[in-house]
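Notes to accompany the following structure.
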Amino acid sequence: MLAYVLAAAALLAALVFGVALAAVARRRSWSYLLVALALGTLLARALVGVLTMESVLDPDLHHVLEHGLDVAMAALVIAAVAVTRDARGGPA
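For the sequence shown, position 46 (counting from the first letter as 1) is numbered 80 according to the working numbering, and the numbering increases by one without interruption.
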């Protein structure tokens, strides 16, 4: 069952990441790139899960990587908001 959940998560994350990259190609802005990279962390999380399930990654490393990806996602979203606010001349 876990294998199916991880496969579905990876497939859907790849689809969302692909759509985000298409938006970056169309809009060509820093904020779109940062959001796309944040969404890419969802794909990375799914891949970490698959590698852990296949015993390629140690469970402790899995735990550290998952939390690291959470921090990366939050930082990328915050950076996208900051870039957008600066570009529009909003409060810093």
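Think of the CB as a built atom: it goes at the ideal place given N, C-alpha and C, for glycine as much as any other residue.
Per the C-alpha coordinates, the member of LEU46, LEU45 and LEU67 positioned closest to LEU55 is LEU67. By alpha-carbon distance to ALA57, the top candidate from ALA48, ALA70, LEU49 and LEU45 is ALA70. Cβ-Cβ separation between ALA78 and LEU103: approximately 5 Å, consistent with a contact (criterion under 8 Å). For the stretch 35-112, the full-length alpha helix (DSSP H) segments reaching 4 residues or more read 36-61 and 64-87 along the chain. Excluding residues up to 5 positions away in sequence, THR75 lie with their Cβ nearer than 6 Å to the Cβ of ALA106 in the same chain. Within the same chain, Cβ atoms closer than 6 Å to the Cβ of ALA44 are found at ALA80, the five residues on either side in sequence being excluded.
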